[in-house]
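Enquirer:
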Amino acid sequence: MAEGNYQVLARKWRPQRFEDVIGQEHVTRTLRNAIEAGRVHHAFLFIGSRGIGKTTTARILAKALNCRASDAPTPDPCGACENCVSIGDGNNIDVIEIDGASNNGVDDVREIRENIRMVPTSGRYKIYIIDEVHQLSMPAFNALLKTLEEPPPHGVFILATTEAHKIPATIVSRCQRFDFRRVALDRIVELLRGIAKQEGKKATDEALYAIARAAEGGVRDAESIFDQLISYCEDEIGFNDVYDVLGLVDRRVLHELCQAILDQDIPTQLRIVEDIVAGGKDLSQFVQEMLQHFRNLLVCKTDQAAALLALPEDEIKALSAQAQRFLLTRLLQLVEQFAQLTSGFDSQLAQRIALEALLIRISKVGVEISVDTVLEKLLLLGAGAAPPRDGPNPPEAGAPSPPRRPAPVQPRGAPSQPERPPALTPENVRQLWPVIQERARENSLSLGVWLGHAAASVDGDTLVLRYAADQTHARDTIEQAEQRSALEAVLASVTRNVRTFRTELRAGAAAPRETAVEYDPSQPFYPSVNPEEARKAMTDPRIARILDVFKGRIADIRHDVSLSHRDSE
Ligand SMILES: [Zn+2]
C-alpha cells in the first residue's frame, strides 16, 4: 500500500477537534471536562490498537493546552493559530513527538528529562507525545518514572501504546489512563460516506461495509483503503473493487473450496491452495477469508443473513444455498478448525468467530453433539479412550476417497431429527416404520397405540396403513382430524417426501405381519440405520467406547473426511 498516497487522505481528514474523533467519545468527553475544569494531568496513557485515534487525540489535546486564541487551556482549540497549525503539522517547538521504538534507550529518556525542565517557548506547556511507549527499555522506563514522580509544572507526557501489558505498573499508576476502542462498523461506514460525499465520489453501501470489515475497527486503515479505491475507480466504487484493491481472493474461489469440502474432493482442495500460493497471495490472509466465509455460512443458518452480513444480495443467495448443504455441527467444526489455524495471527476476526462458534455450540448442547465433542470427552475420560494413530481405515496416500466413518452419535432419550430426513420408499419402509411409530408415541401415546395395529407400505408419496377387518375402530380413530394432523406432522419430521397417509381395510382378521419389525430399543443403533453398516462401524474401538460411555445409539452413518484429518494429528 503506497504510504504517500494514503497520507493525502488521512491528513486531509484527520480530525481537528475532539468532537471529530469518531468512536472515542468516552475519551474525548473526559478530556474536555478536565480541561474545562482546569484539572490537567501531567501524564496520560492512551491504550488501544493501531489506527484508531490515539495520536490524533494526543495532538488535539496538545492544541487544547497550547492554543493561543485562548488565555487558558480550552476544550475548543481554534485550529488556526500558529500553535494549532504547527502542532497539526507535527513541528511545534514545544510539542515533541517521539517514536518509542527508535528512542528506547536510557540516554534518550535522560535527554527528555533535561529538556522538559526548560520553560516552553511559545505555549503554556512543554508536551511530549511518546508513541509505542512499551518499546522503552527498562532503564529508560526507570528514568521516565523519576520525571513522572516529580514533573515540572509545565510538563505534560502523553504516552501511547498498543500493548498496555508491557508497561510497568509503576508507570501506569502515575498516568491518567484512557482505553481507546475499535470503532463500530456503522460508524466507519458513516465516516467513509461523509468523505465520499465531500470528495464527490460514489460508493455502494456493500463496498463501504467491505472496507470497514477489512479495517477491523481501525479508522486509519479504513481511510487508507478508501483512498486507494478513490484513485483506483473511475466511476462508482463497488464491492468487487474492494476485493481487487485489497488483494483478497475472489469470492468464487471461496465458494469453490467450500464446494470441494462438501464433495470431499481433496485434489480440488489442494489445487486451490496451490493456485493461491502460485498467485502470490498471502496464505494467512486466505485462511482468514475462509474463516469469514464459514462464519457467513453460520450466519445464513440463523435467517438473519441480510441484516447481519451487509453483503450484495446475490452473494447472500449463494451463501444461503451453500449453508443449507452443511449441517450446523459441521460448520461449527470448520469454523473452529480454521479459527485455530489463525489463532497465531492476533486477529480480532478470529477471536470474534471463535466466540460466536462457542456460543452457538453452548446453545446447542443436548440437541446435537458433534464427534469432536465426543472425542474430547473421551480423552478426558482417560487413557486408551481414543487411540490417535491406529484406528481402522487410515486414509491411503494420494487416495481422494475418504475413509468411511460413522458421524453423529446421539444420546439416548434425546433423539434429534437429522437436518435432511431420508425419503420414505418401499425399500426402507421396514426400517423407517418403527422410527415413525416411536416419534408418534413421543407425540401422543394413543396415536402410537393405534399405529401399532397397522401394517405400513408406501404408495408414491403416500403412506398406506392397512388394518385388519376387525380393527375398524383403530382405523376410524386414526382418520379423525386430530390424529391425522398429528401423524402428518410426524411424517413431515421423519421423512423428506411423505406428507400424508391413507388407510385400507383388509379382508380377514389376521394381525398384520409384513412390517412387523420388532423395534428393540436395546440395539445400539436406530432402526433406520443399516444394521450391517452399524455393526461394521462398531468394530472401531473408539465408536464402541463412545456408545458405551454415552449409552448412545448410532442415529446415522455419514462419510466425514475431517475425522481422517484428526486421526493424523
Ligand atoms: Zn489555536
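Residue 102 in numbering that gives the first Met the number 0 sits at position 103 of the sequence shown, and the numbers go up by one each step. Ideal placement from N, C-alpha and C gives every residue a C-beta, glycine not left out.
DSSP three-state call for residue 172: helix, strand or coil?
Expert: By one-based count along the sequence shown, residue 172 stands at place 173. Correct three-state label for residue 172: coil.
Enquirer: Just reading off the alpha helix (DSSP H) that residue 217 is part of, what are its end residues?
Expert: What you label residue 217 is simply residue 218 of the sequence shown in a count that begins at 1. Segment: none, residue 217 is in no alpha helix (DSSP H) and carries neither H nor E.
Enquirer: Can you tell me which residues fall inside 5 Å of ligand 1, judged by beta-carbon distance to its nearest heavy atom, and keep chain order?
Expert: My final list is 66, 68, 76, 77, 80, 83.
Enquirer: Going by other Cβ atoms of all chains shown within 10 Å of its Cβ, with 16 needed for buried, is residue 70 buried or exposed?
Expert: Taking the first residue of the sequence shown as position 1, residue 70 is located at position 71. So residue 70 ends up on the exposed side.
Enquirer: Expressed to the nearest angstrom, what Euclidean distance is found between the alpha-carbon atoms of residue 248 and residue 257?
Expert: As a first step, residue 248 is located in the sequence shown; it is residue number 249 there, counting from the start. As a first step, residue 257 is located in the sequence shown; it is residue number 258 there, counting from the start. Straight-line Cα distance between these residues: approximately 13 Å.
Enquirer: In the DSSP assignment, find the alpha helix (DSSP H) that holds residue 140 and state where it starts and stops.
Expert: The sequence position of residue 140 within the sequence shown is 141, counting from 1. From DSSP, the alpha helix (DSSP H) with residue 140 extends over 137-148.
Enquirer: CA-CA distance, residue 290 and residue 330?
Expert: Along the sequence shown, one-based indexing puts residue 290 at 291. Along the sequence shown, one-based indexing puts residue 330 at 331. Near 10 Å, if we compare the C-alpha coordinates of residue 330 and residue 290.
Enquirer: I'd like the list of long-range same chain contacts for residue 97, defined as Cβ closer than 6 Å, with 5 residues on each side in sequence excluded.
Expert: Locating residue 97 in the sequence shown gives position 98, counting from the first residue. The answer, listed in chain order, is 129.
Enquirer: Identify whether residue 501 lies in helix, strand or coil by the three-state DSSP scheme.
Expert: Locating residue 501 in the sequence shown gives position 502, counting from the first residue. DSSP places residue 501 in strand when its eight states are reduced to three.
Enquirer: Closest to residue 41 by C-alpha separation, out of 166, 176, 89, 81, would be which residue?
Expert: Within the sequence shown, numbered from 1, the residue matching residue 41 stands at position 42. Comparing Cα positions, the closest option is 176.
Enquirer: Report yes or no: do the segment 80-93 and the segment 46-63 share at least 3 C-beta pairs separated by less than 8 Å?
Expert: They touch, by the three-pair rule.
Enquirer: Rounded to whole angstroms, what's the CA-CA distance from residue 44 to residue 138? Just pull it up for me.
Expert: Residue 44 sits at position 45 when you count from the first residue of the sequence shown. Residue 138 sits at position 139 when you count from the first residue of the sequence shown. Roughly 19 Å separates the two Cα atoms.
Enquirer: Less than 9 Å between the beta carbons of residue 14 and residue 50, yes or no?
Expert: The sequence position of residue 14 within the sequence shown is 15, counting from 1. The sequence position of residue 50 within the sequence shown is 51, counting from 1. Not in contact: residue 14 and residue 50 (Cβ atoms no closer than 9 Å).
Enquirer: Which ranges would you report for the alpha helix (DSSP H) in the segment 204-277 if only whole runs of at least 4 residues count?
Expert: Runs found: 204-214, 218-231, 238-245, 250-261, 265-277.
Enquirer: How many Å lie between residue 283 and residue 292 at the Cα?
Expert: Against the sequence shown, residue 283 aligns to sequence position 284. Against the sequence shown, residue 292 aligns to sequence position 293. Roughly 14 Å separates the two Cα atoms.
Enquirer: Touch check for the segment 134-150 and the segment 107-119: three-plus C-beta pairs under 8 Å?
Expert: The segment 134-150 vs the segment 107-119: in contact.
Enquirer: From the DSSP output, in three-state form, read off residue 605 for me.
Expert: Since the first residue of the chain shown is 0 and the last is 568, residue 605 is not available in this structure.
Enquirer: Answer yes or no: do residue 93 and residue 119 have a C-beta to C-beta separation smaller than 9 Å?
Expert: Counting from 1 along the sequence shown, the entry for residue 93 is found at position 94. Counting from 1 along the sequence shown, the entry for residue 119 is found at position 120. The answer is yes: Cβ separation under 9 Å.
Enquirer: Which residue or residues does DSSP assign as beta-bridge partners of residue 178?
Expert: Indexing the sequence shown from 1 puts residue 178 at position 179. The partner list for residue 178 (beta bridge, DSSP) reads 46.
Enquirer: Specify whether the segment 265-285 and the segment 294-310 touch according to this definition: at least 3 beta carbon pairs, one from each stretch, less than 8 Å apart.
Expert: No, the segment 265-285 is not in contact with the segment 294-310.
Enquirer: Would you mind giving the Cβ-Cβ distance between residue 206 and residue 237, rounded to the nearest angstrom? I have them listed as a contact below 8 Å.
Expert: The residue labelled residue 206 in the question sits at position 207 within the sequence shown. The residue labelled residue 237 in the question sits at position 238 within the sequence shown. Their Cβ separation, rounded to whole angstroms, is 5 Å, which keeps residue 206 and residue 237 in contact under 8 Å.
Enquirer: Just reading off the beta strand (DSSP E) that residue 524 is part of, what are its end residues?
Expert: Reading the sequence shown from its first residue, position 525 is the one you call residue 524. First-last for residue 524: undefined, no H or E at that position.
Enquirer: Helix, strand or coil for residue 159 per DSSP?
Expert: By 1-based counting over the sequence shown, the position of residue 159 is 160. Of the three classes helix, strand and coil, the one that applies to residue 159 here is strand, per DSSP.
Enquirer: Under 9 Å, do residue 219 and residue 314 count as touching if we go by C-beta distance?
Expert: The residue labelled residue 219 in the question sits at position 220 within the sequence shown. The residue labelled residue 314 in the question sits at position 315 within the sequence shown. It is not a contact, given that the beta carbons lie outside the stated cut-off.
Enquirer: Inspect the beta-carbon positions of residue 157 and residue 127 and report whether they are closer than 9 Å.
Expert: Here residue 157 refers to the residue found at position 158 when the sequence shown is read from its first residue. Here residue 127 refers to the residue found at position 128 when the sequence shown is read from its first residue. Contact: yes.
Enquirer: Decide if residue 240 is buried, meaning its Cβ has at least 16 other Cβ atoms within 10 Å, or exposed.
Expert: Taking the sequence shown and counting its residues from 1, one reaches residue 240 at position 241. Answer is buried; the Cβ neighbour count reaches 16.
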